[in-house]
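Okay, structure first, notes after.
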Amino acid sequence: MTLRALHDAARRTLDPVHFDYLAGGTGEERVLADNERAFDRYLLLPRVLCGSETRDTAVDLPGARRTAPVVVAPTAFHRLMHPDGERAAARAAAAEGVVLVTGTAATTAVDGVVEAAREADPDPAVWFQLYLHPRQEVTEALVRRAETAGCTALVVTVDSPVFGRHTRDLRNGFTDLPPGYAAENMRDLPGAPPGSLIDIPMSPALSWRDFGETVRMTSLPVLVKGVLHPADARLAVEHGAAGVIVSNHGGRQCDAVPAAVDCLPAVVGAVADRVPVLLDGGVRRGSDVAVALALGAAAVGVGRPVVWGLAAGGEAGVRAVLGALRDEYDHTLALCGGRRNTDLTKDMIVRRGETW
Ligand code: FMN
């Protein structure tokens, strides 16, 4: 099945309110649309007679050597989308040999997610996405939970000082999880109430100092997710980040920011000589993966399409999405004369309508 077919199947399968939660963005959804559209403005300029029969798409990321430069981005509440929820996504990502990022807002606790990944691969790469809590002991409890579960890296999301105003959710009155579902990682934390949607910590008063303290409380590599400004990328590295993820949260936070891929080159210029730079937002085709890599990304994150697959077909649906992206990416790499990811370089990018 194509990604588009999986999207349509997800829409048919899901409760319309839950589909809107998945599909929607903030404001007039301008950034949501632009994330995808922006990829149409970058074209690949292939090299010829320099390829090989087989290609090596393996990538070294913090805490993980994986078979493809694709990461499952953290998306909340998988059990709303499929009864097997995060476990199905984790098995699929592990089977496909890619990193899965599970989140603070998962409806399955992180130990269950890693356990499911191990069913498919005894040595999986599961990263834990963390929202820093204004109370450090709560953040620390979450970090210990991720370490004990066997996560190989942490991802601190920094683009959410306050909740995004998701237009469709506000219209639908979707402001908390239905009974029977909870943000399971938030359960039984020191001083924190049992986990519901509104308990996910967000605070506009957090600072790079809080990030630095989080880096110091663990021996795991810590990536920063949600950076658009190159100055913030530099600050992240100065405070110990092991990687930077360029992201506008899939158009779910501020509706007046640039498309994620348009922010990538400046962040690459600022820090890619020191740490890997990843990108998420609008990646829908293997050629989008190739464009991001040519612009200097080490890997890309994929959010909504993974959940389309989950909703449409559980573990098999997620595998179909990841497999299609990997296959299309490998095909594009071959068409561009590449043998490995690093053969995609910036001189192979042109902007639509511009000559060079
Ligand atoms: N990012 C986080 O850091 N933490 C989250 O809990 C989280 N939940 C999300 C839930 C949904 C339904 C969606 C669509 C995105 C969420 N994101 C979250 C953002 C994704 O990690 C990622 O940045 C975004 O989806 C990438 O864009 P794409 O959906 O176009 O691939």
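Numbering-wise (my numbering), the sequence shown opens with residue 1 and increments by one.
Each residue gets a CB set at the ideal place from its N, CA and C atoms; glycine is no exception.
Computed from a predicted model, the values in this text were never measured in an experiment.
So does residue i have its beta carbon nearer than 8 Å to some heavy atom of the ligand FMN?
{"i": "Asn35", "result": "yes"}
{"i": "Pro74", "result": "yes"}
{"i": "Tyr42", "result": "no"}
{"i": "Ala241", "result": "no"}
{"i": "Pro161", "result": "no"}
{"i": "Asp280", "result": "yes"}
{"i": "Arg304", "result": "yes"}
{"i": "Phe77", "result": "yes"}
{"i": "Arg11", "result": "no"}
{"i": "Arg165", "result": "no"}
{"i": "Arg144", "result": "no"}
{"i": "Ser247", "result": "yes"}
{"i": "Gly103", "result": "yes"}
{"i": "Arg252", "result": "yes"}
{"i": "Tyr21", "result": "yes"}
{"i": "Thr218", "result": "no"}
{"i": "Val307", "result": "yes"}
{"i": "Thr157", "result": "yes"}
{"i": "Val291", "result": "no"}
{"i": "Val283", "result": "yes"}
{"i": "Lys225", "result": "yes"}
{"i": "Gly173", "result": "no"}
Output the boundary residues of the alpha helix (DSSP H) element that contains residue i.
{"i": "Val289", "result": "286-294"}
{"i": "Ala212", "result": "It is Gly, not Ala, that sits at residue 212 in the sequence shown. Looking at the DSSP string, the run of the alpha helix (DSSP H) that includes Gly212 is 208-216."}
{"i": "Leu3", "result": "3-13"}
{"i": "Ala231", "result": "230-238"}
{"i": "Leu177", "result": "Premise fails: Leu177 is in no alpha helix (DSSP H) and is neither H nor E."}
{"i": "Asp280", "result": "No alpha helix (DSSP H) holds Asp280; the beta strand (DSSP E) holding it covers 277-280."}
{"i": "Leu142", "result": "136-149"}
Just how far apart, CA to CA, sit residue i and residue j?
{"i": "Val237", "j": "Thr157", "result": "15 Å"}
{"i": "Leu197", "j": "Val162", "result": "Any reading at Leu197 needs caution, since the residue's pLDDT is 49, under 50, leaving its predicted position unreliable; the model's value is listed next. One C-alpha to the other measures close to 13 Å."}
{"i": "Asp273", "j": "Arg234", "result": "11 Å"}
{"i": "Asp20", "j": "Asn172", "result": "9 Å"}
{"i": "Gly97", "j": "Leu61", "result": "13 Å"}
{"i": "Thr435", "j": "Ala320", "result": "Because the chain here runs from 1 to 356, residue 435 falls outside it and cannot be looked at."}
{"i": "Leu264", "j": "Leu228", "result": "8 Å"}
{"i": "Met186", "j": "Leu142", "result": "8 Å"}
{"i": "Asp327", "j": "Pro221", "result": "29 Å"}
{"i": "Ala10", "j": "Trp308", "result": "5 Å"}
{"i": "Arg168", "j": "Gly25", "result": "8 Å"}
{"i": "Arg87", "j": "Glu137", "result": "27 Å"}
{"i": "Pro190", "j": "Gly226", "result": "27 Å"}
{"i": "Ala297", "j": "Val277", "result": "5 Å"}
{"i": "Tyr181", "j": "Arg55", "result": "43 Å"}
{"i": "His18", "j": "Ala58", "result": "35 Å"}
Identify the continuous beta strand (DSSP E) that holds residue i and give its terminal residues.
{"i": "Gln129", "result": "126-130"}
{"i": "Tyr42", "result": "42-44"}
{"i": "Gly301", "result": "299-302"}
{"i": "Ala64", "result": "64-66"}
{"i": "Arg351", "result": "349-351"}
{"i": "Leu220", "result": "Where Leu220 is concerned, there is no enclosing beta strand (DSSP E), given that its DSSP letter is neither H nor E."}
{"i": "Leu170", "result": "Element bounds for Leu170: not the beta strand (DSSP E) but the alpha helix (DSSP H), 167-172."}
{"i": "Gly243", "result": "243-246"}
{"i": "Gly103", "result": "99-103"}
{"i": "Leu80", "result": "Looking at the DSSP string, Leu80 is not in any beta strand (DSSP E); the run it does join, the alpha helix (DSSP H), is 78-81."}
{"i": "Ala153", "result": "153-157"}
Using 10 angstroms around the beta-carbon of residue i, count the other beta-carbons present and answer buried if the total reaches 16, otherwise exposed.
{"i": "Thr102", "result": "buried"}
{"i": "Ser219", "result": "exposed"}
{"i": "Pro69", "result": "buried"}
{"i": "Val48", "result": "exposed"}
{"i": "Gly269", "result": "exposed"}
{"i": "Pro74", "result": "buried"}
{"i": "Arg79", "result": "buried"}
{"i": "Cys336", "result": "buried"}
{"i": "Glu354", "result": "exposed"}
{"i": "Ser52", "result": "exposed"}
{"i": "Ser287", "result": "buried"}
{"i": "Glu175", "result": "Here the sequence assigns Thr to residue 175, which means Glu is not the residue at that position. With fewer than 16 other Cβ atoms within 10 Å, it is exposed."}
{"i": "Thr342", "result": "exposed"}
{"i": "Ala105", "result": "buried"}
{"i": "Thr107", "result": "buried"}
{"i": "Arg145", "result": "buried"}
{"i": "Asp280", "result": "buried"}
{"i": "Ser207", "result": "exposed"}
With a cut-off of 9 Å, does the C-beta of residue i fall near any C-beta of chain B?
{"i": "Leu3", "result": "Protein chain content of the structure displayed is limited to a single chain, and chain B is not contained in it."}
For a test of your reading of the model: does the CB of residue i fall under 8 Å from any non-hydrogen atom of the ligand ADP? Yes or no.
{"i": "Gln129", "result": "As far as ligands go, the structure on display features the ligand FMN and does not contain the ligand ADP."}
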